[in-house]
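Residue numbers (the working numbering), protein chains in the order written: chain A, 1 to 148; chain B, 149 to 293. Every residue gets a Cβ at the ideal spot worked out from N, C-alpha and C, and that includes glycine.
Here is the structure:
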């Protein structure tokens with residue numbers, strides 16, 4: 001199923017840090033829609049990760065994930081993410097194959113990293129719209145590739 | 149049971165970066181009681197080094213940064229050092245952090261990998277290193293007795 005307008009709307013709320021809108025929009029997607037939403041989030045993460053790290057070393061990713069954790073720990077231990085999973089999510093987003101990770105840990109890492117990258121890489125509503133348009137096209141291409 | 153001069157010399161060689169000498173001396177620690185005393189010295193040194201580095205109120209974020217910096221020194225370090233386990237072990241020295249999920253083998257490896265990094269920034273001269281080891285030895289002897 002291609003990326004829907006509702007999924008794009010929900011991710012726009014997340015990337016805009018519109019916390020009041022985010023939860024109801026994600027809830028309205030239902031079980032089926034949420035899968036596509038997470039795929040779109042993965043695609044957006046991949047695009048942002050490549051912008052942030054056009055070139056990188058392993059040390060860059062280790063330090064970046066640590067910096068994201070440091071920021072989140074200031075909100076409390078519950079906001080921490082698994083660092084090994086976070087580093088693997090970044091590697092995967094940058095095109096490096098990684099072993100499967102525990103789904104819950106992975107989801108938390110994707111949300112945390114997407115949140116952090118959106119703060120540093122997206123400065124205006126137009127930046128968000130541009131990213132979402134690109135992610136939607138790419139998400140549909142990935143889906144078409146999987147269905148072949 | 150107490151820590152011996154030879155055991156102190158073994159750890160001293162490692163912390164001074166004389167790895168060939170360290171490995172040669174380590175090979176001479178062969179009885180179970182010697183290994184127990186040497187392990188106590190390493191753990192005591194680790195605790196001593198953590199307290200010097202983080203005091204008693206180092207934040208979780210400070211520890212995250214420290215472990216990340218150590219892991220960022222090489223791909224080998226990044227692979228060998230599990231960040232969560234390392235952070236727990238460090239915070240376990242001065243908080244009630246639960247370290248039960250860190251296996252004994254993992255602890256042994258982490259002590260060895262983290263200890264040189266913990267004291268690395270201190271740039272000990274010979275006298276300061278001796279003082280550090282003297283304090284560690286005193287602590288280890290207390291545990292052994």
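Taking only three categories from DSSP, how would you classify residue i?
i              : result
residue 236(B) : helix
residue 270(B) : coil
residue 249(B) : coil
residue 223(B) : helix
residue 196(B) : helix
residue 12(A)  : helix
residue 182(B) : helix
residue 280(B) : helix
residue 230(B) : coil
residue 127(A) : helix
residue 34(A)  : helix
residue 43(A)  : helix
residue 242(B) : helix
residue 53(A)  : coil
residue 275(B) : helix
residue 152(A) : Outside the displayed range of chain A (1 to 148) lies residue 152(A), so it cannot be described from this structure.
residue 264(B) : helix
residue 99(A)  : coil
residue 140(A) : helix
residue 78(A)  : helix
Sort the options by Cα distance to residue i and report the nearest one.
i              : options                           : result
residue 289(B) : 167(B), 193(B) and 174(B)         : 193(B)
residue 109(A) : 98(A), 121(A) and 88(A)           : 88(A)
residue 68(A)  : 112(A), 12(A), 13(A) and 133(A)   : 112(A)
residue 138(A) : 97(A), 96(A) and 42(A)            : 42(A)
residue 247(B) : 260(B), 232(B) and 293(B)         : 232(B)
residue 173(B) : 204(B), 155(B), 197(B) and 245(B) : 155(B)
residue 225(B) : 270(B), 275(B) and 264(B)         : 264(B)
residue 297(B) : 260(B), 196(B) and 292(B)         : Residue 297(B) lies beyond the residue range present for chain B, which begins at 149 and ends at 293; the question has no answer from this structure.
residue 243(B) : 234(B), 205(B), 219(B) and 210(B) : 205(B)
residue 291(B) : 210(B), 187(B) and 164(B)         : 187(B)
residue 199(B) : 251(B), 249(B) and 270(B)         : 270(B)
residue 73(A)  : 283(B), 211(B), 227(B) and 230(B) : 211(B)
residue 53(A)  : 141(A), 35(A) and 117(A)          : 117(A)
residue 163(B) : 280(B), 220(B) and 149(B)         : 280(B)
residue 102(A) : 78(A), 86(A) and 77(A)            : 86(A)
residue 122(A) : 27(A), 83(A) and 48(A)            : 48(A)
residue 82(A)  : 19(A), 107(A), 14(A) and 124(A)   : 107(A)
residue 105(A) : 131(A), 127(A), 95(A) and 78(A)   : 78(A)
residue 302(B) : 234(B), 176(B), 227(B) and 168(B) : Absent from the model: residue 302(B). The displayed extent of chain B is 149 to 293, so no value can be given.
residue 293(B) : 170(B), 153(B), 185(B) and 180(B) : 185(B)
residue 59(A)  : 267(B), 223(B) and 213(B)         : 223(B)
At what residues does the alpha helix (DSSP H) containing residue i begin and finish?
i              : result
residue 107(A) : 103-121
residue 83(A)  : 83-93
residue 161(B) : 153-163
residue 173(B) : 167-174
residue 25(A)  : 19-28
residue 58(A)  : 58-73
Apply the 10 Å Cβ neighbour rule to residue i and answer buried if 16 or more other Cβ atoms are within range, or exposed otherwise.
i              : result
residue 64(A)  : buried
residue 93(A)  : buried
residue 7(A)   : buried
residue 44(A)  : buried
residue 178(B) : exposed
residue 119(A) : exposed
residue 183(B) : exposed
residue 50(A)  : exposed
residue 158(B) : buried
residue 90(A)  : buried
residue 219(B) : buried
residue 36(A)  : buried
residue 303(B) : Within the shown structure, residues of chain B are numbered from 149 to 293, placing residue 303(B) beyond reach of any answer.
residue 96(A)  : exposed
Would you say residue i reaches chain C, if we count a Cβ-Cβ gap shorter than 9 Å as a contact?
i             : result
residue 50(A) : Among the protein chains in the structure shown, which are A and B, there is no chain C.
Check your understanding: Mind listing which residues of the stretch 101-116 of chain A have their C-beta closer than 9 Å to chain B's C-betas, in chain order?
Key -> none
Check your understanding: When Cβ atoms are compared, which residues of the stretch 204-227 of chain B fall closer than 7 Å to chain A?
Key -> Listed in sequence order: 208, 209, 212, 213, 216, 219, 220, 223 and 226.
Check your understanding: Along the stretch 228-255 of chain B, what residues have a CB closer than 9 Å to any CB found in chain A?
Key -> 230, 231, 232 and 235
Review point. Of the residues that make up the stretch 74-89 of chain A, which ones have a beta carbon closer than 9 Å to any beta carbon in chain B?
Key: 74, 77, 80, 82, 83, 84 and 87
Exercise for review: Using a Cβ-Cβ cut-off of less than 7 Å, give me the residues of the stretch 52-66 of chain A that come near chain B, in sequence order.
Suggested key: 58, 59, 62, 63 and 66
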